[in-house]
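Residue numbers (full-length UniProt numbering), protein chains in the order written: chain A, 1 to 457; chain B, 1 to 457.
Beta carbons: idealized from backbone N, C-alpha and C, even for Gly.
Quantities reported herein were computed from a predicted structural model and do not represent experimental measurements.
Just below is one structure, and these are the notes that go with it.
Structure representation (structure tokens):
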């Protein structure tokens, strides 16, 4: 270790004491996330911040010593954005996990960044509220991480993404200064929208140390769940488009392809695949949930679907379980690389067709699940057990996926972020002028370039 | 006119021909907007752009000659943001008024910036869709202007502000380069959210030349309108808080104070003021509109309100007309300065009390209307006929209004923007670090400082 680095660590320990760790297992854990990506580098230390002040102290020292900073929440990211790099200081905000305030009158909460998404929803459930952003990781992911990645989820088509739920932020900049953005009011247009700019910035602009977020009333009435099998994924995609055309807004509309059903069958010993080549899972909510569901069932049957409808929570849970088994089913097969393209809703069937062609071309089995209501597809590559390096064929296929999504008017990441894994394609999507503007905006926040270097840009 | 300026105009005319005007009446018109503010300066010319190319040509020349640029839509702004300054080139996008595409399958439209807000909604009404942002100016304001100011309106509490309806933009930068931001998909997290950053940037970063915006399905069912008189504005504000606490979401919830009722009475010869000191106007929509309205009426009566409910459109229109008469009523009294503070909903009654105190302190009659569902208040100062300069007492009172809103956790502008009129208070709200960051971000987009100088910053 260089003398400079040793001096940095000594100063850091002097200032923050036991909040600083260099335990090899902790450093190793910080090199990866839920994408399975393992950073080739090793960080110098991890600060488990207990307060805004801790974060400020650490960043002032990092600026002084030009130490790269990797902000990190629960490590549940899917693009490598929070993975520790060589010589970096990891700043974990998981221990800043207090809900500071809940105001039902203002339908907002003020939280520290380490509060788990589900923890906040649980806290306000009995009052009839929910924290709306619902990434699949909500039980384990932090609100700070959700904001840093602008996380999506199953309910976005109806209830918006994380950005729509953030009213204001406190952020520590690279040099240790603390800024506040936004307000407690639901509207406000004073100057540039730094709250939105910071949301989804993946730790490249600063560290989120507090957030004022919206709470959303849970709709009245009982949710209705509909599970429908189709003969082809194209038929299922056409049905989802037809449902959009009714102008009804299901809360959930998830589409699983044949490969996904095969994986779930293998896990659970079921025979879903024999019932169809695609499964469309829908939930309606609100006061007209039953009427809307009946309308949707009639429509899906007309379009060749085999539908089951349930207003009973237990029965509905059985229909949902098929969707819930998806990720465990793939993980049972091997190490999973999950992609995240998003296309205009009308291009959903076209994107499924592109995925099938890409799979055939590279001899790869790709299991795809889509948030059909917003055109967000997650094609999953499974690496055979024992394979630790992503094969070239998978990277080639991923590149073709992104190209296809861009050609259809979409994007290479709908909700997971760029991180490390999609960095090589970012320029192609943004174009060189936008890319350069973004780099310069980053430099305004972080002139020394120490905030999460090598991520996104 | 300086030789440099003459050369600039000659080059501009050579390139853009009849799109360039120096007609004195047109130059004079461009010095003001709907706030009544009159810029002390006179612009050198107006370009009425017919295409993106026109905008690019004009901005390249302006960069070469260091001519300030004032982007302008319909001139319906309320903060002076689009008013022409001395020696500036005004670029009007009103003639770029084509709807380029409507995709109901993707629930989006692609429009030129000069398309009127109402024009787009009219176009999709028969298909059951609406362009959601609904500033009071929607019949006359352009979508480009709505985006540049992140316009609000009556429906925001339930359906969001303009930013929530923008998927992507094409923007010409100060040096004439054209960039695209966002996507046609409803989700996407590639890099920093430049679409959100540009929304509400009031012409300081570039000129919006095309927008991809969301269309929203009109809710099923018939809207129900409720008009309620209360004995005090505090009682009305308490009722609106109680309605929020029911977790029902009215589409509209507008609150008028006693001074507003007096003004409407004077205009229409009615005697509203004798029926109460505050009026709360509510509309519910969607499949449960009637149930929700009945619930709300029961609640308002319990809280001392005198309610009328109507499911009949004509009758509902009569209740709405009271609200609609507000602006004409004030304009009949004299020249109006409309303010735009926004506070957390729970602070609505407190803010009304502050306004009353400020009015008493300065001997001013302030008529206030509030979008009660989102805590956005519009206190209106009326200048006596013949008074053309805003009296010091009004500026003092305005300053105290902003201070009170900030102290209550709010903001000095909920939906109108900073423009010229609120510039002096911006630093106080943002704090010096945020303010400086914003200025530096502006410099990234506009290093020569020619984009709408003197506005916002």
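Decide yes or no for the touch test of the stretch 149-164 of chain A against the stretch 89-107 of chain A: beta carbon pairs closer than 8 Å, at least 3 of them. no
Give the single residue among A/62, A/280, A/12 whose Cα lies nearest to the Cα of residue 255 of chain A. A/280
Tell me which same chain residues have a C-beta within less than 8 Å of the C-beta of residue 325 of chain B, skipping the five on either side of it? 264, 267, 268
Residue 393 of chain A burial status per 10 Å Cβ neighbour count (16 or more: buried): exposed
Is it buried or exposed for residue 31 of chain B, if we count other Cβ within 10 angstroms and need 16 for buried? buried
Would residue 244 of chain A and residue 109 of chain B be called neighbours here (beta carbons separated by less than 8 Å)? no
Three-pair Cβ contact test at 8 Å for the stretch 225-240 of chain A versus the stretch 291-309 of chain B: no
From the beta carbon of residue 126 of chain A, is the nearest beta carbon of chain B less than 8 Å away? no
The alpha helix (DSSP H) spanning residue 316 of chain A covers which residue range? 313-324
Roughly how many angstroms separate the alpha carbons of residue 425 of chain B and residue 399 of chain B, rounded to a whole number? 8 Å
Since residue 441 of chain B meets chain E, which of its residues come closer than 7 Å, beta carbon to beta carbon? Here chain E cannot be found, since the structure's protein chains are A and B.
Among all the DSSP beta bridges, which residues are the ones paired with residue 170 of chain A? A/180, A/210
Can you tell which of A/361, A/338, A/409, A/27 has its C-alpha closest to the C-alpha of residue 89 of chain A? A/27
For residue 142 of chain B versus residue 73 of chain B, is the C-beta distance shorter than 8 Å? yes
Let me make sure I understand the geometry here. Which of A/397, A/429, A/417 has the alpha-carbon closest to that of residue 410 of chain A? A/429
Could you check where the beta strand (DSSP E) with residue 256 of chain A kicks off and where it finishes? 252-257
Taking any Cβ of chain A, which residues in the stretch 280-296 of chain B have a Cβ under 9 Å from it, in chain order? 286, 287, 288, 291, 292
Chain-ordered neighbours of residue 247 of chain A on chain B, where CB pairs are closer than 7 Å: 128, 217
Suppose the cutoff is 6 Å on Cβ atoms and the five residues either side in sequence are ignored; what does the same chain contact list for residue 134 of chain A look like? 153, 154, 155
Express the C-alpha separation of residue 327 of chain B and residue 372 of chain A in angstroms, rounding to a whole number. 44 Å
Where does residue 354 of chain A land, buried or exposed, given buried means 16+ other C-beta within 10 angstroms? buried
Quick check on residue 227 of chain B: does DSSP put it in helix, strand or coil? strand
Drop a sphere of 10 angstroms on the beta-carbon of residue 283 of chain A, count the other beta-carbons inside from all chains shown, and report buried for 16 or more, exposed for fewer. buried
In DSSP terms, what residue 21 of chain B is bridged to: B/46
Residues of its chain near residue 316 of chain A, where Cβ-Cβ distance is below 6 Å and the 5 sequence neighbours each way are ignored: 225, 310
Taking the alpha helix (DSSP H) that residue 57 of chain B falls in, what are its first and last residues? 52-65
For residue 450 of chain B, I'd like the list of residues in its chain whose CB is within less than 8 Å of its CB, leaving aside the five on either flank, ordered along the chain. 62, 63, 66, 67, 68, 69, 174
Short of 7 Å in beta carbon distance, which residues of its chain neighbour residue 99 of chain A, apart from the five on each side in sequence? Order them along the chain. 109, 111, 115, 120, 123
Taking the alpha-carbon positions, what's the residue 363 of chain B to residue 381 of chain B distance? 11 Å
Buried or exposed for residue 271 of chain B, going by 16 or more other Cβ atoms inside 10 Å? exposed
Identify, in the order they occur along the chain, each residue of the same chain with its Cβ nearer than 6 Å to the Cβ of residue 218 of chain B, setting aside the five sequence neighbours on each side. 128, 130
Residues that residue 183 of chain A contacts on chain B, provided the C-beta gap is smaller than 7 Å: 409, 410, 411
Hey, how far is the Cα of residue 43 of chain B from the Cα of residue 52 of chain B? 22 Å
For residue 38 of chain B, count the other beta carbons within 10 Å of its own beta carbon; 16 or more makes it buried, fewer makes it exposed. Which is it? exposed
Closest to residue 58 of chain B by CA distance: which of B/35, B/16, B/33, B/80 is it? B/16
Measure from the alpha carbon of residue 308 of chain A to the alpha carbon of each residue in A/87, A/319, A/420, A/314, then state which is nearest. A/319
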